[in-house]
Amino acid sequence: MKRLSDQRWFAASQGDMRQVGRLLTVYGLLGVVAGAWAVGFVETVDVLAEWLRWPVDRHAPFRTAWPEGVGWLAVVLPAAGGLIVGVVCSRFAPEAMGPGSGHVIDAYLRHGGELRRRVPIMQTFASVVTLGTGGSGGVEGPVSHIAAGLGAWFGRVFGLTAAERRVLMMAGGAAGIGAVFNAPMA
221 MKRLSDQRWF AASQGDMRQV GRLLTVYGLL GVVAGAWAVG FVETVDVLAE
271 WLRWPVDRHA PFRTAWPEGV GWLAVVLPAA GGLIVGVVCS RFAPEAMGPG
321 SGHVIDAYLR HGGELRRRVP IMQTFASVVT LGTGGSGGVE GPVSHIAAGL
371 GAWFGRVFGL TAAERRVLMM AGGAAGIGAV FNAPMA
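For the sequence shown, my numbering assigns the number 221 to the initial residue and increments by one for each residue that follows.
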């Protein structure tokens, strides 16, 4: 009798170990993808900001004040960026507009870790345009929203349960924040 229970325990633990191995693989893959996405996001914001500021910077690369005659860009660029983001996001993904932490918390608590697939893409677009054109804000909030959306997407692709998707959302957000703060193994 003892031998039979040992065999059952071993079979059950093998199944559990397979599940743990599968989840660790998914979490590791998400960490790499979310981290790479976060780094690409920050670099894209920097490139767009540099490109749009070029008419100003070529006149006065070391001055903090805008040179005479181009000061209007300080008002027009952020306004144009806001207009573009408002029009595009209201059409395709309204949840990508504004701070995303509330939306992520709502998805975690009420929707079983589900976010629409387009949210990470639209949040990336909206934040790159907003920050790149001089809008106020930082990269940390958008990156956590984007990476949590990637976690939700991974959960859907790999057919995980609601509880596992929730954990994956938080793991994605943590991976994105870790990448922004140059702490990849946090």
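No residue lacks a Cβ here, since even glycine has one placed at the ideal position from N, Cα and C.
Q. To the nearest angstrom, how far is it from the Cα of LEU268 to the Cα of SER347?
A. For the purposes of this step, residue 268 is taken as residue 48 along the sequence shown, with counting starting at 1. For the purposes of this step, residue 347 is taken as residue 127 along the sequence shown, with counting starting at 1. Take the alpha-carbon of LEU268 and the one of SER347: they are about 11 Å apart.
Q. Is HIS331 helix, strand or coil by DSSP?
A. For the purposes of this step, residue 331 is taken as the residue at position 111 of the sequence shown. Coil, per DSSP.
**Q.** THR344 versus VAL240: straight-line alpha-carbon distance, rounded
**A.** Position 124 of the sequence shown, counted from the first residue, corresponds to residue 344. Position 20 of the sequence shown, counted from the first residue, corresponds to residue 240. Near 31 Å, if we compare the C-alpha coordinates of VAL240 and THR344.
Q) Going by Cα to Cα distance, which pick from GLU334, GLU360, VAL400 is closest to ARG376? A) One-based indexing of the sequence shown puts residue 376 at position 156. Selection GLU334, GLU360, VAL400 evaluated against ARG376 yields GLU334 as nearest (Cα-Cα).
Q. Exposed or buried, which one is ILE325 when buried takes at least 16 other CB atoms within 10 Å?
A. As a first step, residue 325 must be located in the sequence shown, where it is residue number 105. By the neighbour-count rule (16 or more Cβ atoms within 10 Å), ILE325 is not buried but exposed.
(Q) Which same chain residues end up closer than 7 Å to THR264 when comparing Cβ atoms and leaving out the 5 residues on each side of it in sequence? (A) Along the sequence shown, one-based indexing puts residue 264 at 44. The answer, listed in chain order, is VAL348.
Q. Near PHE230, what residues of its chain come up, given a Cβ to Cβ distance below 8 Å and the 5 sequence neighbours on each side ignored?
A. The residue labelled residue 230 in the question sits at position 10 within the sequence shown. Residue placement at PHE230 cannot be trusted, given a pLDDT of 49 that sits under 50; what the coordinates show is reported in the next sentence. There are no such residues.
Q. What residues in its chain sit with their C-beta under 6 Å from that of TYR247, if we drop five residues either side in the sequence?
A. Counting from one through the sequence shown, the residue named residue 247 turns up at place 27. Excluding positions up to five away in sequence, the list reads ALA391.
Q) What is the DSSP secondary structure of PHE378, reduced to helix, strand or coil? A) The residue given as residue 378 occupies position 158 in the sequence shown. The answer is coil: DSSP assigns PHE378 none of H, G, I, E or B.
Q | Alpha-carbon to alpha-carbon, VAL359 and VAL262 | A | Numbered from its first residue, the sequence shown carries residue 262 at position 42. Numbered from its first residue, the sequence shown carries residue 359 at position 139. Rounded to whole angstroms, VAL262 to VAL359 spans 7 Å at the Cα level.
(Q) Quick check: the Cα distance between PHE401 and VAL308, rounded to an integer number of angstroms? (A) As a first step, residue 401 must be located in the sequence shown, where it is residue number 181. As a first step, residue 308 must be located in the sequence shown, where it is residue number 88. The alpha-carbon separation between PHE401 and VAL308 amounts to approximately 29 Å.
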